[in-house]
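For reference, the structure is listed below as structure tokens.
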Amino acid sequence: MAKKTKPKRPDLTAPQTQWDTYERKLKEYEDHERRRKTELNRRRGVGRSKRK
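Everything in the sequence shown is counted per UniProt numbering, starting at 1 for the first residue and increasing by one.
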């Protein structure tokens, strides 16, 4: 899974539409990172009981 780049924060004076876009992209990014980390951990076998 490719690493997504974290979205850049808009200026504090930026219009609301830019902030809405930023929040949506940030949420996508965080969801993506969470899935990526769980996937990596699953591959490494972290956090699972050792009995297979």
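Quick reminder that beta carbons are idealized off the backbone N, C-alpha and C, glycines included.
Note that the structure is predicted; figures quoted are calculated from it, not measured.
(request) Answer yes or no: do K4 and Y22 have a C-beta to C-beta separation smaller than 8 Å? (result) With respect to the 8 Å criterion, K4 and Y22 are not classified as neighbours on the basis of their beta carbons.
(request) State the Cα-Cα distance for the pair P10 and R44, rounded to the nearest angstrom. (result) About 37 Å.
(message) So, with DSSP's three-state summary, where would you put R34?
(response) Note: R34 maps to helix in three-state DSSP.
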